[in-house]
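Going by this note's numbering, the sequence shown opens with residue 2, and the numbers climb by one from there.
Where a beta carbon is used, it is the ideal one built from N, C-alpha and C, also for glycine.
A quick write-up on the structure given underneath.
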Amino acid sequence: MQKPKAYLKIARPHQYLKNGFIWLPLFFGHKLLYDIHAVCQTAWAFVAFCLAASSIYVFNDLNDIEEDRRHPVKRLRPLAAGILSKNEALAFMAVLLSVSMAISLLVLPRVFTAVVGGYLMLNVLYTCWLKHLPIIDVVCIALGFVLRIFAGGVASDVHISQWIVMMTFLMAVFLALSKRSEDLHLADNGHGQMRKSLDGYNAEFVSLSMVLMAAVTIVAYILYTVSPDIVARHGSDQLYMTGFWVIVGFLRYLQITFVEKCTGSPTMVLIRDYFLQGVIGLWLVHFFVLLY
């Protein structure tokens, strides 16, 4: 593998899909088509957050070299495979972090810099300590998604409602639990226990927790769509119809996890599954028509 390709791989650009949550406040705030400044600010926020996230991925790989070498997939990462040295990774991390902070300080509101700083601090604690604590580990992942929502709200100057915070948190917990399902599957198939936090999980607990999170998220979404203040804000009493796509999407993800046994990174599941892509695309189009 050539060095440029190794740097690209360690930055994990496919994970930038997660940062799509930054665009949600702009979308639901009715500014996507009508406020060019808000769109530009959100685009800068997306870039800054992606670079900050990549710096955390590098930090994670530096911290987990030995653990990654025991993993059937992660052993191929540039640091674990010895393609990049620790010094090269450290320099790359510094560049990513510096550019991210420069964009945050020069282009975006000061509060955005504080949100990114909180995200970085949370992930450093997660990598060094919190990821080894059962339940706390999935909560930390979910809080990272919530911080993305706040980052988008600050950048686009859109008020963040309690509904979007609650549903983002619940869905992120669901996705984090699906990743633990894969870890348990690998451990059961002789790859060893890659995470200390797995002592606090088993297949039954993870399965029940995923079903619970899916059910609560769907109920919360339906309540959101029929809430009088939300109907008044968006000027439509047809929002509840978009719940169809949410229900189908969760059912498909549960099918992938429990029937097809194809868990792993939620990002990679989305990239590979055309059914899920179609459902999310139709949900966005349906909501777009109702809002705009």
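Decide yes or no for the touch test of the stretch 123-140 against the stretch 84-100: beta carbon pairs closer than 8 Å, at least 3 of them. Short answer: they don't touch.
Would you identify the three-state DSSP class for Trp45, choosing helix, strand or coil? Under the three-state reduction of DSSP, Trp45 is assigned to helix.
Should Pro26 be labelled buried (16 or more other beta-carbon atoms within 10 Å of its own) or exposed? So Pro26 counts as buried.
Closest residue to Tyr222 among Leu240, Phe50, Lys19 (Cα-Cα distance): Checking every option, the nearest Cα to that of Tyr222 belongs to Leu240.
Just to confirm, are Thr169 and Phe146 a CB contact at a threshold of 8 Å? In this structure, Thr169 places its C-beta atom within 8 Å of the C-beta atom of Phe146.
Simplified DSSP assignment, three categories, for Trp130: Collapsing the DSSP output to three states places Trp130 in coil.
Using 10 angstroms around the beta-carbon of Phe251, count the other beta-carbons present and answer buried if the total reaches 16, otherwise exposed. Burial state of Phe251 is buried, judged by a 10 Å Cβ sphere holding 16 or more other Cβ atoms.
Are Val108 and Trp45 touching if we call contact CB-CB under 8 Å? In this structure, Trp45 lies closer than 8 Å to Val108 by Cβ.
Look up Leu80 in the DSSP assignment and say whether it is helix, strand or coil. Coil at Leu80, not helix or strand.
Assigned exposure category for Tyr35 - 16 Cβ within 10 Å defines buried: Per the 10 Å Cβ criterion, exposed.
With 16 as the cutoff for other CB atoms within 10 Å, does Gly21 come out buried or exposed? Exposed: under 16 other Cβ atoms inside 10 Å.
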